[in-house]
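Working notes for the structure below.
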Amino acid sequence: MDLPYFPPEDTSTRSLTDQLFKQQVVIDDLLEAASRARRYFADIVAEGAPKHVQTTFLMLSDAISKAQA
Numbered sequence: 089m090d091l092p093y094f095p096p097e098d099t100s101t102r103s104l105t106d107q108l109f110k111q112q113v114v115i116d117d118l119l120e121a122a123s124r125a126r127r128y129f130a131d132i133v134a135e136g137a138p139k140h141v142q143t144t145f146l147m148l149s150d151a152i153s154k155a156q157a
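Residue numbers (the numbering used here): 89 to 157.
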């Protein structure tokens with residue numbers, strides 16, 4: 089049984105490089121936004137935030153650290 093062949097949409101090096109660059113820009117923007125959120129939560133936690141806010145901060149901080157690694 090022959091499997092159907094689906095050619096790649098675009099295999100040009102330039103197109104792939106452009107796609108990777110755009111993806112990296114989006115990832116960098118998301119990490120920057122997450123870092124700003126972490127600083128914001130850190131200020132709230134430092135002011136004596138409720139336990140659920142502290143827990144959210146720890147989860148956010150852990151996720152950002154893993155994403156940046």
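We put the CB at the ideal spot given by N, CA and C, even for glycine.
Computed from a predicted structure; not experimentally measured.
query	result
What's the call for F129, buried or exposed, on a 16-neighbour Cβ count within 10 Å?	buried
How would you call F145, buried or exposed, if buried means at least 16 neighbouring beta carbons within 10 angstroms?	buried
Sort R127, S123, A137 and T105 by Cα distance to K154 and report the nearest one.	S123
If I measure Cβ to Cβ from L126 and keep anything under 7 angstroms in the same chain, skipping five residues before and after, which residues do I get?	Note on identity: in this sequence residue 126 is Arg, with Leu being the wrong assignment. Cβ within range, chain order: L148, S149 and I152.
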